[in-house]
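Data block below; observations after.
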Amino acid sequence: MSTATGLLTIDLEAVRANWRTVCQQLPQRPAAVIKADAYGLGAEPVGNCLYRSGCREFFFATLEEALAGRSYLPDDAQLYILGGARPGEENECLNARLIPVLYSLEGVDRWAQACRRADVQASSVIKIDTGMTRLGLSLQDWERLRNDPERLRACHPRVVMSHLACADEWAHPMNREQQQCFSRVASQARVLLPGVRCSLANSSGIFLGSDWHFELARPGASLYGFDPHFGRAPKMQPVVRLSLPVLQWRELQGDAAIGYGATARLSTERRLAVVAGGYADGLNRTIGRERGLGYLGETQVSVVGRISMDTTIFDVTHTRPASPPESNWIQVLNDRLTVAEVSHRIGALGYEVLTSLAGRYRRVYRPERSQ
Numbered sequence: 006m007s008t009a010t011g012l013l014t015i016d017l018e019a020v021r022a023n024w025r026t027v028c029q030q031l032p033q034r035p036a037a038v039i040k041a042d043a044y045g046l047g048a049e050p051v052g053n054c055l056y057r058s059g060c061r062e063f064f065f066a067t068l069e070e071a072l073a074g075r076s077y078l079p080d081d082a083q084l085y086i087l088g089g090a091r092p093g094e095e096n097e098c099l100n101a102r103l104i105p106v107l108y109s110l111e112g113v114d115r116w117a118q119a120c121r122r123a124d125v126q127a128s129s130v131i132k133i134d135t136g137m138t139r140l141g142l143s144l145q146d147w148e149r150l151r152n153d154p155e156r157l158r159a160c161h162p163r164v165v166m167s168h169l170a171c172a173d174e175w176a177h178p179m180n181r182e183q184q185q186c187f188s189r190v191a192s193q194a195r196v197l198l199p200g201v202r203c204s205l206a207n208s209s210g211i212f213l214g215s216d217w218h219f220e221l222a223r224p225g226a227s228l229y230g231f232d233p234h235f236g237r238a239p240k241m242q243p244v245v246r247l248s249l250p251v252l253q254w255r256e257l258q259g260d261a262a263i264g265y266g267a268t269a270r271l272s273t274e275r276r277l278a279v280v281a282g283g284y285a286d287g288l289n290r291t292i293g294r295e296r297g298l299g300y301l302g303e304t305q306v307s308v309v310g311r312i313s314m315d316t317t318i319f320d321v322t323h324t325r326p327a328s329p330p331e332s333n334w335i336q337v338l339n340d341r342l343t344v345a346e347v348s349h350r351i352g353a354l355g356y357e358v359l360t361s362l363a364g365r366y367r368r369v370y371r372p373e374r375s376q
């Protein structure tokens, strides 16, 4: 018997369609970010779908993720580690042909030393901080490398990258500030490293325009159905559908307090549906509290009261559900309640909505249509 709390359907054809939409914006083929298990949707099936669609470069967050990727992606796929190679991990990266992102002078030197010891010229990525103040070489450290080109070349950079802080905000002035800063870095890198590619744009950055594209873009969330700029074109195809099974109907015969803390009260002649799935399954962020919505059949229904660890309560008074309750499902993500719509509604990031979906769901993958 299945112990799943719900059914999570991932549409791989929609992933492929979103990949094509992204590719249409760019002069050259991008990489794909499939870190965090492809944002919770399954890195192996999603990664192989993207490979079949033409992707050959994939970004992971950690060594463990990338090592797993090496086991299921074809040999010609190029795998990058955004978190770099930590001290002592260099040989594993070399043996598995993984490409670390180097974000400190210490990391640059450790990778160069590992390459010398192994007598190989294994590629790396140099990451520059252009204003986000997260992982990356400071501009001062970049100047140190520029003034010591042999030290820079010893780590065999194939890409120089940075990351946008505000790309999902179309008009934020920092987008242009970072683009101009990175353009200067890119010009300097091309002189020192002939043939190097430069990379700045994430999903939202791609849709800021060609000034942000450079030679390699790195879409992630847009591939999984999150609109790059909410309310603006293009809209990405929904990738996920989440359906929660009804466990019980509750017919109210008088005033009743609903859920923990008695934060909601309803009067008589109301019908409630208690469904399997709660904050242990990620619903605290996905449909949380008074802003939560779902669909029972074609009827929109609302969350009532606080979400519990394993259950959520909906007001289904105005529906005509089938009997028994177990034959009914309430959808909380679908073509109408998309990741973009839900995240905008509850004030979350699309990344949060996707990655918060926990492992108790039974997953079903809709395959791509034949080429």
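According to my numbering, the stretch in the sequence shown is residues 6 to 376, in order.
Yeah, the Cβ is synthetic: ideal placement off N, Cα and C, and Gly gets one too.
Near the ligand ATP: residue i beta-carbon under 7 Å from a heavy atom
| i | result |
| --- | --- |
| ARG158 | Because no ligand of any kind appears in the structure shown, any question about the ligand ATP cannot be addressed here. |
For residue j and residue i, believed in contact at Cβ under 8 Å, the rounded distance
| i | j | result |
| --- | --- | --- |
| SER248 | ASP260 | Not a contact, Cβ separation roughly 31 Å. |
| ASN23 | SER167 | Going by Cβ atoms, the distance from ASN23 to SER167 rounds to 24 Å, so no, they are not a contact pair. |
| ARG149 | LEU197 | With a Cβ gap of about 13 Å, ARG149 and LEU197 do not count as contacting. |
| ARG246 | LEU338 | 6 Å |
| ALA82 | PHE63 | 6 Å |
| GLN184 | LEU205 | 7 Å |
| TYR300 | ARG341 | 7 Å |
| CYS203 | HIS161 | With 8 Å as the limit, CYS203 and HIS161 do not qualify as a contact, their Cβ atoms being about 16 Å apart. |
| ARG163 | VAL201 | 7 Å |
| ALA37 | LEU55 | 5 Å |
Unbroken alpha helix (DSSP H) run spanning residue i, endpoints
| i | result |
| --- | --- |
| GLY299 | Counting along the chain, GLY299 falls outside any alpha helix (DSSP H), though it belongs to the beta strand (DSSP E) covering 298-301. |
| ARG25 | 17-28 |
| PHE187 | 178-197 |
| ASP81 | Premise fails: ASP81 is in no alpha helix (DSSP H) and is neither H nor E. |
| ARG75 | 68-77 |
| VAL358 | 355-360 |
Pair within 8 Å by beta-carbon distance, residue i and residue j
| i | j | result |
| --- | --- | --- |
| GLY52 | LEU78 | yes |
| GLY89 | VAL113 | no |
| ALA123 | LEU140 | no |
| ALA170 | LEU213 | no |
| GLY302 | ILE263 | no |
| GLU331 | ARG21 | no |
| ILE335 | VAL369 | no |
| GLY47 | ILE15 | yes |
| LEU142 | ASP153 | no |
| ALA281 | GLY11 | yes |
| LEU104 | SER129 | It is Ile, not Leu, that sits at residue 104 in the sequence shown. Yes, the Cβ-Cβ distance between ILE104 and SER129 is below 8 Å. |
| ILE211 | VAL27 | yes |
| ALA127 | VAL165 | no |
| GLY136 | GLU182 | yes |
| PRO243 | THR343 | yes |
| VAL220 | GLN29 | Residue identity differs from the one stated: residue 220 is Glu in this sequence, not Val. Going by C-beta atoms, GLU220 is not nearer than 8 Å to GLN29. |
Coarse secondary structure for residue i, derived from DSSP in three states
| i | result |
| --- | --- |
| ILE131 | strand |
| PRO224 | coil |
| GLU97 | helix |
| MET6 | A caution first: MET6 carries a pLDDT of 41, below 50, which makes its placement in the model too unreliable to give a value. |
| TRP147 | helix |
| THR138 | coil |
| VAL106 | strand |
| PRO330 | helix |
| GLU155 | helix |
| CYS120 | helix |
| CYS54 | helix |
| GLU49 | helix |
| ARG61 | coil |
| ALA41 | helix |
| SER204 | strand |
| LEU13 | strand |
| ASP286 | helix |
| ARG325 | coil |
| ILE211 | helix |
| VAL125 | coil |
| ARG115 | helix |
Extent of the continuous beta strand (DSSP E) run through residue i
| i | result |
| --- | --- |
| MET166 | 162-166 |
| GLN305 | 304-308 |
| VAL251 | 245-256 |
| ARG371 | 367-371 |
| VAL344 | Element bounds for VAL344: not the beta strand (DSSP E) but the alpha helix (DSSP H), 344-351. |
| LEU271 | 269-271 |
| ALA36 | Where ALA36 is concerned, there is no enclosing beta strand (DSSP E), given that its DSSP letter is neither H nor E. |
| THR381 | Absent from the model: residue 381. The displayed extent of the chain is 6 to 376, so no value can be given. |
| ALA262 | 261-263 |
| LEU277 | 276-281 |
Interface flag, residue i vs chain C, CB-CB below 8 Å
| i | result |
| --- | --- |
| GLN145 | Protein chain content of the structure displayed is limited to a single chain, and chain C is not contained in it. |
Practice problem: Mind the definition here: the region 248-257 touches the region 220-237 only if three or more C-beta pairs lie below 8 Å; say whether that holds. | Solution: Touching, no, given that fewer than three Cβ pairs across the two stretches are closer than 8 Å.
Quiz prompt | Meets three-Cβ-pair contact criterion under 8 Å: the region 31-50 and the region 64-73 | solution = yes
Quiz prompt | Segment contact flag, the region 310-329 with the region 338-357, C-beta cutoff 8 Å, min 3 pairs | solution = no
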